[in-house]
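Notes follow once the structure below has been shown.
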Ligand code: BGC
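In the working numbering, the protein residues as written are 1090 to 1342.
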């Protein structure tokens, strides 16, 4: 059965992807369209690519969009792995002007987290869920009783005197040529620190490397149950579309 449609765009370090989303199934309603992220990835250049992605589908309605940084009410506040010129950018204003559509911009891991809780690996769980995305950086989403606590930035927890993502992100594994065992030991330290602070009921692990979870997830030692993400690389698009649609239909206060 198919249902109401939304639209999600996922702004990543190498690609900007978008697709219409079936909000009943929590899945893409069409094949996603991807364009490379411009270099340098300045706000104006990225906004123009977002417009091209929307134009590709002739989507004219409001849309959701992920961004890999803290986004507070549309304002980009950090830039750990993106062009520094984004800091202080009002992403809602920028994308509304560049695309002529109404955007809702959210942190990338928050969008993925919402998708996993609504439709994926944490569906139906009513406790404290942490979704952790392992990629260039480490993203996090904290969802309590189904409600997102935005911008938790748990990838920047200090673990053994280091910014956690600098040692435990998937990019660190690749950069340092770590074996699955060596990387899993770092992830164990990271997730143990995290679970001692938040006592989640479940940790969902996403990011591209979750596709190969059978190689390493069982090596990570935690007291909390760890499961791979279910939505894989569509999670950001699906979550952003769901959040944008909800925002649009919220009663005025
Ligand atoms: C950023 C987060 C982002 C994560 C994954 C981190 O470096 O600080 O905002 O969610 O990378 O992209």
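The C-beta atom is built at its ideal place from N, Cα and C for all residues, glycine as well.
In terms of alpha-carbon separation, which member of 1257, 1251 and 1097 lies closest to residue 1224? Here residue 1224 refers to the residue found at position 135 of the chain shown. Checking every option, the nearest Cα to that of residue 1224 belongs to 1257.
Within a Cβ cutoff of 7 Å, which residues of the same chain sit near residue 1254, ignoring the five residues on either side of it in sequence? Residue numbering aside, residue 1254 sits at position 165 when the chain shown is read from its first letter. For residue 1254, the CB contacts under 7 Å within the same chain, skipping 5 residues up- and downstream, are 1226, 1227, 1244 and 1245 in chain order.
Please state whether DSSP places residue 1096 in a helix, a strand or coil. Along the chain shown, one-based indexing puts residue 1096 at 7. Residue 1096: strand per DSSP, three-state reduction.
Is any heavy atom in the ligand BGC found nearer than 7 Å to the beta carbon of residue 1324? Indexing the chain shown from 1 puts residue 1324 at position 235. No.
Can you give the beta carbon distance from residue 1294 to residue 1221, rounded, assuming they're within the 8 Å contact cut? Position 205 of the chain shown holds residue 1294. Position 132 of the chain shown holds residue 1221. The Cβ separation is near 5 Å, so the contact holds.
Rounded to the nearest angstrom, what separates residue 1119 and residue 1095 at their Cα positions? Indexing the chain shown from 1 puts residue 1119 at position 30. Indexing the chain shown from 1 puts residue 1095 at position 6. Whole-angstrom Cα-Cα distance: 11 Å.
Collapsed DSSP secondary structure at residue 1182 in the structure displayed: Along the chain shown, read from residue 1 onward, the residue named residue 1182 stands at position 93. Looking at residue 1182 - three-state DSSP - the assignment turns out to be helix.
Going by DSSP in three states, residue 1285 sits in which element: helix, strand or coil? As a working note, residue 1285 is residue 196 in the chain shown. DSSP places residue 1285 in helix when its eight states are reduced to three.
Sort out for me which residues DSSP pairs residue 1125 with in a bridge. Walking along the chain shown from the start, residue 1125 turns up at place 36. Beta-bridge pairing links residue 1125 to 1104.
Who are the near neighbours of residue 1198 in its chain, counting only those whose CB is closer than 6 Å to its CB and skipping five residues on each side? The residue given as residue 1198 occupies position 109 in the chain shown. Around residue 1198, the same chain offers 1222, 1228, 1229 and 1230 as residues with beta carbons nearer than 6 Å, after the five sequence neighbours per side are excluded.
At least three beta-carbon pairs within less than 8 Å, the segment 1288-1303 to the segment 1205-1221: yes
Residue 1230, enclosing beta strand (DSSP E) - first and last residue: Counted from its first residue, the chain shown places residue 1230 at position 141. Looking at the DSSP string, the run of the beta strand (DSSP E) that includes residue 1230 is 1227-1233.
Scan the segment 1264-1329 and note each continuous alpha helix (DSSP H) run of 4 residues or more that stays entirely inside, going in chain order. 1269-1287 and 1302-1305
Output the boundary residues of the beta strand (DSSP E) element that contains residue 1194. Translated into positions along the chain shown, residue 1194 becomes position 105. Counting along the chain, the beta strand (DSSP E) containing residue 1194 begins and ends at 1192-1196.
Taking 7 Å as the line, does the beta carbon of residue 1239 fall inside it for any heavy atom of the ligand BGC? On the chain shown, position 150 is the one that residue 1239 refers to. False, no ligand heavy atom lies under 7 Å from that Cβ.
I need the straight-line Cα distance from residue 1152 to residue 1172, nearest angstrom please. Along the chain shown, read from residue 1 onward, the residue named residue 1152 stands at position 63. Along the chain shown, read from residue 1 onward, the residue named residue 1172 stands at position 83. The straight-line gap from Cα to Cα measures roughly 23 Å.
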